[in-house]
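Protein chains in written order, with the numbering used here: chain X, 648 to 910; chain H, 124 to 386. Here the structure comes first, spelled out in structure tokens, and everything after it is commentary.
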């Protein structure tokens, strides 16, 4: 266990070395959220609420979903693809740790760094500039925290799956890009799932994507109430359990049929 | 000298064609993932207009037309100026040293090495989207509009190129990893909406600092007959040339300052 915690620490310190870049990043993020806020104000155009979300809730939704993304987002699919193509993965596999576990820990190290140095200060600045509403209820924060951990797990699992496909496809740049686009749209990052037509919502309910962004953001904005929150958390828990199955299967097949190109 | 550059350009293109035709599936996957990306943006517009009739006086078809227009300069930009990861790919890995030993302008080489001609397909999508929107809006065009269109898309592509070359040049001064590129890409999306929905700060940023509005709403307003924006529309080629020139200047200054990555 110690070695995994050490990995989180090393990634964190690595990111810390480059922290100045993040300050400029926060400014650009604020512009981003600001533009989104005005776009949504124009979309609301004086309407009290759309699909049960007021404009204040919508602004909070946008702000929190982008800030949450900084935590759960990572490039481990790209890193895995690179290591597999370079053949570095062969060395990684003989090391005394689980390769997939280590990748997850690196992602977590990055996520914690961005949460502390990016999301929290970014959220404070955005709260000064735009009408963002924070819940005063401690339980909401607790549920949100829990939900965010599940977001990280599910998003990381999907990244691991995408990364493993490199073993079978050799060049999966297109797949990695497509995956990112699909997640932006179907996770509820760009639009709350409740804004979609019913048939589309129905289809999306069979996929794990909304567990990544829609659920934590709706909990944070109080868009979910009472039993809805618990149901949403259960959905997340079920998905993070289910996704272990394809990862384990594909990983075992991949290890058997691995071909190291060059060397 | 000019002939020399032309011949290098065509040699790179023919080399590029050979590798791409060798890996045809990659090419198909890439075109499909681009198409997916464009569909996502259209879905955003469609879903939003499922909840509102107009965006600050602009109809759904007008917004779709702006999006279609945007795709054309963006396709040119992403085919030839694929330098968003210049920092990691060239500076951190020391590849820039190799580039600098050769007797052609460094930026020209980087562009040729990184070009992705399949992105040009996005331009076809853009024209199709515009054609659909134009026919449902019953727009009428003059013969000279073709030439204005060409000037505007070239201007727009140069604006995009200028911004991203300038950002890539930052790498010469600080070799740290930056995370701002994806966020800047995202800000580019806001230039596709009527800028009068934003407040003054954001409108100013989108017009004069990161002038993405010149790759979307301003030039498209000309074809939509929105005469109040004609002044800005005709500034598009000027802005393109100015921003591109500034960025080349920044690049050249950066190259002079560059000391190589101590590996």
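Where is the CB? At the ideal position from N, CA and C, for every residue including glycine. Just so it is clear, the structure is predicted and the values come from calculations on it, not from any experiment.
Anything in chain X within Cβ reach of residue i, meaning under 7 angstroms, just list it in chain order.
| i | result |
| --- | --- |
| residue 160 of chain H | 828 |
| residue 167 of chain H | 837, 838 |
Let me know if residue i comes out buried or exposed under the rule of 16 or more other beta-carbons within 10 Å of its beta-carbon.
| i | result |
| --- | --- |
| residue 227 of chain H | exposed |
| residue 315 of chain H | buried |
| residue 844 of chain X | exposed |
| residue 839 of chain X | buried |
| residue 735 of chain X | exposed |
| residue 294 of chain H | buried |
| residue 187 of chain H | buried |
| residue 290 of chain H | buried |
| residue 331 of chain H | exposed |
| residue 662 of chain X | buried |
| residue 210 of chain H | buried |
| residue 827 of chain X | buried |
Going by beta carbon distance, what residues of the same chain come within less than 7 angstroms of residue i, once the five residues before and after it are set aside?
| i | result |
| --- | --- |
| residue 831 of chain X | 837 |
| residue 374 of chain H | 230, 288, 292 |
| residue 454 of chain H | One cannot answer for residue 454 of chain H here, as it falls past the ends of chain H, which runs 124 to 386. |
| residue 248 of chain H | 158, 161, 194 |
| residue 362 of chain H | 278, 282, 334, 337 |
| residue 854 of chain X | 833 |
In chain order, what residues of the same chain have a beta carbon less than 8 angstroms from the beta carbon of residue i, not counting five sequence neighbours either side?
| i | result |
| --- | --- |
| residue 321 of chain H | 313, 329 |
| residue 716 of chain X | 836, 860 |
| residue 232 of chain H | 222, 225 |
| residue 748 of chain X | 651 |
| residue 677 of chain X | 769, 772, 773, 776 |
Under 9 angstroms Cβ-Cβ, which residues of chain H neighbour residue i?
| i | result |
| --- | --- |
| residue 700 of chain X | Per Cβ cutoff of 9 angstroms: no residues; residue 700 of chain X is ~11 angstroms from chain H at best. |
| residue 844 of chain X | 170, 173 |
Please list, in chain order, all residues of the same chain as residue i whose beta carbon is under 6 angstroms from its beta carbon, the five residues on each side excluded.
| i | result |
| --- | --- |
| residue 780 of chain X | 703, 707 |
| residue 356 of chain H | 341, 342, 344, 345 |
| residue 806 of chain X | 723, 724 |
| residue 711 of chain X | 864, 867 |
Output, in chain order, the set of chain H residues within a Cβ distance shorter than 8 angstroms of residue i.
| i | result |
| --- | --- |
| residue 731 of chain X | Here the premise fails: no neighbours, minimum Cβ distance about 16 angstroms. |
| residue 716 of chain X | Neighbours of residue 716 of chain X on chain H: none; closest Cβ ~11 angstroms, over 8 angstroms. |
| residue 785 of chain X | Here the premise fails: no neighbours, minimum Cβ distance about 32 angstroms. |
Can you find a heavy atom of the ligand MG that lies under 6 angstroms from the Cβ of residue i?
| i | result |
| --- | --- |
| residue 843 of chain X | As far as ligands go, the structure on display features none, and thus does not contain the ligand MG. |
Report, in whole angstroms, the separation of the C-beta atoms of residue i and residue j, which I expect to be a contact under 8 angstroms.
| i | j | result |
| --- | --- | --- |
| residue 794 of chain X | residue 881 of chain X | That pair is no contact at about 11 angstroms. |
| residue 798 of chain X | residue 719 of chain X | 4 angstroms |
| residue 698 of chain X | residue 841 of chain X | 4 angstroms |
| residue 728 of chain X | residue 823 of chain X | 7 angstroms |
| residue 869 of chain X | residue 782 of chain X | 6 angstroms |
| residue 383 of chain H | residue 220 of chain H | 5 angstroms |
| residue 284 of chain H | residue 200 of chain H | 6 angstroms |
| residue 675 of chain X | residue 310 of chain H | 7 angstroms |
| residue 439 of chain H | residue 818 of chain X | Since the first residue shown for chain H is 124 and the last is 386, residue 439 of chain H is missing from the structure and cannot be characterised. |
Applying a beta-carbon distance threshold of less than 7 angstroms, which residues of chain H neighbour residue i?
| i | result |
| --- | --- |
| residue 689 of chain X | 178, 179, 320 |
If the cut is a Cβ gap below 8 angstroms, which residues of chain X does residue i touch?
| i | result |
| --- | --- |
| residue 128 of chain H | Within 8 angstroms Cβ-Cβ: nothing; residue 128 of chain H doesn't reach chain X, min ~29 angstroms. |
Residues of chain X with CB under 9 angstroms from residue i, in chain order?
| i | result |
| --- | --- |
| residue 153 of chain H | 820, 821, 824 |
| residue 248 of chain H | Ordered by position in chain X, no residue passes the 9 angstroms Cβ test against residue 248 of chain H, which lies about 14 angstroms from the chain. |
>> With a threshold of 8 angstroms, are at least 3 pairs of Cβ atoms found where one atom belongs to the region 739 to 756 of chain X and the other to the region 653 to 662 of chain X?
In response: With a cut-off of 8 angstroms, the region 653 to 662 of chain X and the region 739 to 756 of chain X count as touching, because enough Cβ pairs lie within range.
> Within the chosen definition, does the region 724 to 737 of chain X reach the region 805 to 823 of chain X through at least 3 CB pairs nearer than 8 angstroms?
Replying inline: In short, these stretches touch, since the Cβ pair count reaches three.
> Can at least three beta-carbon pairs, one atom from the region 688 to 697 of chain X and one from the region 161 to 178 of chain H, be found at a separation below 8 angstroms?
Replying inline: Short answer: they touch.
> Counting pairs of beta carbons, one from the region 264 to 272 of chain H and one from the region 198 to 206 of chain H, are three or more of them closer than 8 angstroms?
Replying inline: Using a C-beta cut-off of 8 angstroms, the region 264 to 272 of chain H makes no contact with the region 198 to 206 of chain H, since fewer than three inter-stretch Cβ pairs fall below that distance.
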